[in-house]
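A.B. asks: Dropping a structure here in structure tokens format, bear with me for questions.
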Amino acid sequence: AALPLLFTPLTIRGVTFKNRVGVSPMCMYSCVDGVINVWHVAHLSQYAIHGAGLVIIEATAVQPNGRISTHCPGLWNDDQIIAIKAIADFCHSQGAKVAIQLAHAGRAAGYYSPHVPDSQRLAPRIAPIEDGGWPDNIIAPSAIKAWETAADPREASLDDIAAVVAAFGSAARRSHDADLDVVEIHGAHGYLINEFLSPLSNKRTDHYGGSFENRIRILLEICQEVRKFWPEDKPLFVRLSCTDWAEGGWTSEDTVRLAKVLEAIGVDLIDCSSGGVVPITTDHPHLPGWNVPFSDDIKKSDSTVLTAAVGGITEPQHAESILQDGKADMILLGRAFLRDQMWVAKAAAALGVAVQVPVQYRRAGKAPSRT
Ligand code: FNR
31 AALPLLFTPL TIRGVTFKNR VGVSPMCMYS CVDGVINVWH VAHLSQYAIH GAGLVIIEAT
91 AVQPNGRIST HCPGLWNDDQ IIAIKAIADF CHSQGAKVAI QLAHAGRAAG YYSPHVPDSQ
151 RLAPRIAPIE DGGWPDNIIA PSAIKAWETA ADPREASLDD IAAVVAAFGS AARRSHDADL
211 DVVEIHGAHG YLINEFLSPL SNKRTDHYGG SFENRIRILL EICQEVRKFW PEDKPLFVRL
271 SCTDWAEGGW TSEDTVRLAK VLEAIGVDLI DCSSGGVVPI TTDHPHLPGW NVPFSDDIKK
331 SDSTVLTAAV GGITEPQHAE SILQDGKADM ILLGRAFLRD QMWVAKAAAA LGVAVQVPVQ
391 YRRAGKAPSR T
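Sequence positions in the sequence shown follow the UniProt record's numbering and run 31 to 401.
Below you can see the structure in the form of structure tokens.
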């Protein structure tokens, strides 16, 4: 029988993924001063041990004020490279590829980590300076709060925008120094880039706001800057919120149009998510694979950019059928991996594929011995 597509290698530029299952980026809120540490090494290594083709490191800020919370990671200095390189080195030893999601949280920055109990907070949600926050330095395309309890952003100046773009380039250079395989730019979930894309959060009147061409400008500048530092033979992904799920917001047609522009400037794959700029006001199906239709819209368009599907995918057969139907090229899972670190190994068994077990674990099914 033919190998299931889920377990068929995929080559993008100079990188070959041994299968098409990846760990979606997930915030751990476990850093101090933006430095990734042994928690992240242990957490992500288990997926590599158990067969994931790709592991994506969580949203990692390119500037200190771009962190979602006071405990989120960053890549704005060289000390932050060390543990990231350890993740890359270990995952490579297990045959997995490693991506990092480079991000700026924009107006959705500066929160307390959800791990900080209410009793230990000086404020409900936004961390004050005394608790390591930066409530006076939150930037957004326009000075509009995300919602009532969110931080009060200031409108980013042209200097702020230029600094953000340059910071993405520096972080891409550090990502290469860390031996990572893929950079994913976080353009989704109501963070800075998404705030520029969406007409609901971008009310600027300069050349970064208004028309579609103006709203996508910062993302194009970021991709071009990243490509200056990120080698030609390494893939570049962009995660998008393909729809705002809101009246008057960004739509799947906008995403299809943007995907073609991104492909022309060196983006290889669109990671198709949705929502986050504003609360949902249109119908949301809340079905397994709810973002698959957006990935499918790109696949059906005249763009040849690759796509990843993510969101409520938990069953191996479902994942395989999305690929078989040509609706995506890669499958990412988030919460299913938090529940079951062995998801890939079990999916392989379910689809009749033999996966390599690490040599260190080969005695698991054998008789006990003394050494
Ligand atoms: C997330 N998600 C997320 N997305 C992203 O682009 N960057 C991130 O850092 C995070 N962080 C994060 C943390 C945690 C704990 C969860 C559960 C989710 C979203 C995630 O990558 C994924 O897109 C969604 O969870 C939907 O996929 P699943 O979980 O239904 O497979």
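Glycine included, C-beta positions come from ideal geometry on N, C-alpha and C.
Using 8 angstroms as the Cβ pair cut-off and three pairs as the minimum, do the segment 302–318 and the segment 252–263 touch?
C.D. replies: no
A.B. asks: Nearest by alpha-carbon distance to residue 340: which of 189, 176 and 363 is it?
C.D. replies: Along the sequence shown, one-based indexing puts residue 340 at 310. That would be 363, whose Cα lies nearest to the Cα of residue 340.
A.B. asks: Please list, following the chain, all residues that have a C-beta closer than 6 angstroms to any non-hydrogen atom of the ligand FNR.
C.D. replies: 54, 55, 56, 57, 88, 89, 131, 216, 218, 219, 269, 303, 340, 341, 342, 343, 363, 364, 365 and 366
A.B. asks: Using CA coordinates, which residue listed in 205, 197, 140 and 132 is at the minimum distance from residue 179?
C.D. replies: Your numbering for residue 179 matches position 149 in the sequence shown. Out of 205, 197, 140 and 132, 140 has the C-alpha closest to the C-alpha of residue 179.
A.B. asks: Could you spell out where the alpha helix (DSSP H) holding residue 300 opens and where it closes?
C.D. replies: Here residue 300 refers to the residue found at position 270 when the sequence shown is read from its first residue. Taken as a continuous stretch (DSSP letters only), residue 300 belongs to no alpha helix (DSSP H), being part of the beta strand (DSSP E) at 299–303.
A.B. asks: Work out the CA separation of residue 198 and residue 88 for me, nearest whole Å.
C.D. replies: Along the sequence shown, read from residue 1 onward, the residue named residue 88 stands at position 58. Along the sequence shown, read from residue 1 onward, the residue named residue 198 stands at position 168. Roughly 15 angstroms separates the two Cα atoms.
A.B. asks: Which residues in the same chain as residue 90 place their Cβ atom closer than 7 angstroms to its Cβ, once the five residues preceding and following it in sequence are excluded?
C.D. replies: Here residue 90 is taken as the residue at index 60 of the sequence shown, counted from 1. Counting only Cβ-Cβ distances below 7 angstroms, and skipping sequence neighbours, we find 103, 104, 105, 130, 131, 132 and 133.
A.B. asks: For residue 289, which of helix, strand or coil comes out of DSSP?
C.D. replies: For the purposes of this step, residue 289 is taken as the residue at position 259 of the sequence shown. Helix at residue 289.
A.B. asks: Kindly list the residues whose CB is nearer than 8 angstroms to the CB of residue 338, restricted to its own chain and excluding five residues on each side of it in sequence; keep chain order.
C.D. replies: Within the sequence shown, numbered from 1, the residue matching residue 338 stands at position 308. Hits under 8 angstroms: 52, 267, 299, 300, 301, 302, 325, 358, 359, 360, 361 and 362.
A.B. asks: Between the alpha carbons of residue 120 and residue 68, how many angstroms are there, rounded?
C.D. replies: For this step, residue 120 is matched to residue 90 along the sequence shown. For this step, residue 68 is matched to residue 38 along the sequence shown. Rounded to the nearest angstrom, the two C-alpha atoms are 12 angstroms apart.
A.B. asks: Evaluate contact between the segment 229–246 and the segment 268–284, counting only Cβ atoms and requiring at least three cross-stretch pairs below 8 angstroms.
C.D. replies: yes
A.B. asks: Mapping DSSP to helix, strand and coil, what is residue 214?
C.D. replies: Start at 1 with the first residue of the sequence shown, and residue 214 comes out as number 184. The DSSP-derived three-state label of residue 214 is strand.
A.B. asks: Take residue 349 and list the residues in its own chain whose beta-carbon comes closer than 6 angstroms to its own, dropping the five residues that flank it on each side.
C.D. replies: Residue 349 sits at position 319 when you count from the first residue of the sequence shown. The answer, listed in chain order, is 36, 343 and 361.
A.B. asks: With a Cβ-Cβ cutoff of 8 angstroms, do residue 137 and residue 168 count as a contact?
C.D. replies: Here residue 137 corresponds to residue number 107 of the sequence shown, with the count starting at 1. Here residue 168 corresponds to residue number 138 of the sequence shown, with the count starting at 1. Result yes, Cβ atoms of residue 137 and residue 168 sit closer than 8 angstroms.
A.B. asks: Have a look at residue 116 and residue 71 and give me their C-alpha separation to the nearest angstrom.
C.D. replies: As a working note, residue 116 is residue 86 in the sequence shown. As a working note, residue 71 is residue 41 in the sequence shown. Their Cα atoms are separated by approximately 7 angstroms.
A.B. asks: Can you tell me which of 156, 195 and 189 puts its alpha carbon nearest to the alpha carbon of residue 177?
C.D. replies: As a first step, residue 177 is located in the sequence shown; it is residue number 147 there, counting from the start. Here the closest residue by C-alpha is 156.
A.B. asks: What residue range is occupied by the uninterrupted beta strand (DSSP E) comprising residue 131?
C.D. replies: As a working mapping, residue 131 is identified with position 101 in the sequence shown. That run of the beta strand (DSSP E) goes 127–133.
A.B. asks: Under 8 angstroms, do residue 127 and residue 212 count as touching if we go by C-beta distance?
C.D. replies: Counting from one through the sequence shown, the residue named residue 127 turns up at place 97. Counting from one through the sequence shown, the residue named residue 212 turns up at place 182. Result yes, Cβ atoms of residue 127 and residue 212 sit closer than 8 angstroms.
A.B. asks: So is residue 395 buried or exposed if we call it buried at 16+ other beta carbons inside 10 Å?
C.D. replies: Looking up residue 395 in the sequence shown gives position 365. Per the 10 Å Cβ criterion, exposed.
A.B. asks: Report back the beta-carbon spacing between residue 50 and residue 83 to the nearest angstrom; my notes put them in contact at under 8 angstroms.
C.D. replies: Indexing the sequence shown from 1 puts residue 50 at position 20. Indexing the sequence shown from 1 puts residue 83 at position 53. The pair is a contact, with the Cβ atoms about 6 angstroms apart (cut-off 8 angstroms).
A.B. asks: Can you tell me the Cβ-Cβ gap for residue 235 and residue 162, rounded? I've got them flagged as a contact below 8 angstroms.
C.D. replies: Counted from its first residue, the sequence shown places residue 235 at position 205. Counted from its first residue, the sequence shown places residue 162 at position 132. So it is not a contact: roughly 35 angstroms between Cβ atoms.
A.B. asks: Rounded to whole angstroms, what is the Cα-Cα separation between residue 145 and residue 201?
C.D. replies: Working through the sequence shown from its first residue, we reach residue 145 at position 115. Working through the sequence shown from its first residue, we reach residue 201 at position 171. Residue 145 and residue 201: Cα-Cα distance of roughly 27 angstroms.
A.B. asks: Leaving out the 5 sequence neighbours to the left and right, which residues in its chain are closer than 7 angstroms to residue 390 when beta-carbon positions are compared?
C.D. replies: Here the question's residue 390 lines up with position 360 in the sequence shown. Around residue 390: no qualifying Cβ.
A.B. asks: Within its chain, find whatever has a CB closer than 6 angstroms to the CB of residue 216; leave out the 5 residues flanking it on each side and keep chain order.
C.D. replies: Within the sequence shown, residue 216 is the residue found at index 186, counting from 1. So the list reads 89, 131, 133 and 269, once near-sequence residues are dropped.
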